[in-house]
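A.B. asks: Handing you this structure, nothing more for now.
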Amino acid sequence: MKFIVRDTDYAVRALVYMAKQSLSKNKKVFTVDEVVREEGLPGRFLRKLLQTLAKRGLLVSNKGKKGGFSFLKPPASIKLTDIMEAFQGRVDITNCLLKGRPCPNKKKCILRKTLKNINKLIQRELEKITVVSLLEGR
């Protein structure tokens, strides 16, 4: 089970970089090339990720000569769960599969109730993490 997929990791790195520049230098628009250069991420892939975040209402895509991406929501209000859900869906450790199919014992499973409670705890903790809190190392 992968908890954080590559798309989420790259998107978080890009957003933290953008937030840092936005807060420290009052910079508003970021080109993909700039983020690629500073964070060492693959360009075409990053562009796709940032476009996904724009479709999800976290960023705005600005076209033209002075175009790029900017925050639609303040970085302090963008939660890690917002980013994770954009690329990997909702965190769910109770999604049990057996040979690629849903477990037939799902309704009777004695472990499932405990895992559901753990899942709720994980979700609550992840929702406390924002782009700014990551930037500040909290």
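Here my numbering is used: the first residue of the sequence shown is -5, the next is one more, and so on. Ideal placement from N, C-alpha and C gives every residue a C-beta, glycine not left out.
(1) Using DSSP with H/G/I as helix, E/B as strand and the rest coil, what is Asn56?
(2) Going by C-alpha distance, which of Gly83, Val23, Leu44 is nearest Gly58?
(3) How big is the Cα-Cα spacing for Asn221 and Gly61?
(4) Thinking Phe63 and Leu74 are a contact (beta carbons under 8 Å), I'd like their distance in whole angstroms, please.
(5) Using a Cβ-Cβ cutoff of less than 8 Å, which residues in the same chain neighbour Asn56 once the five nearest sequence positions on both sides are dropped?
(6) Would the region 89 to 106 count as touching the region 114 to 128 if we require 3 or more Cβ pairs under 8 Å?
C.D. replies: According to the structure shown:
(1) It is a strand residue.
(2) Here the closest residue by C-alpha is Val23.
(3) Because residue 221 is not part of the residues shown, which for the chain are -5 to 132, the question remains open.
(4) Wrong, their Cβ atoms sit about 19 Å apart, outside the cutoff.
(5) Within the same chain, Cβ atoms closer than 8 Å to the Cβ of Asn56 are found at Val23, Gly62, Phe63, Ser64, the five residues on either side in sequence being excluded.
(6) At 8 Å Cβ cutoff, the stretches do not touch.
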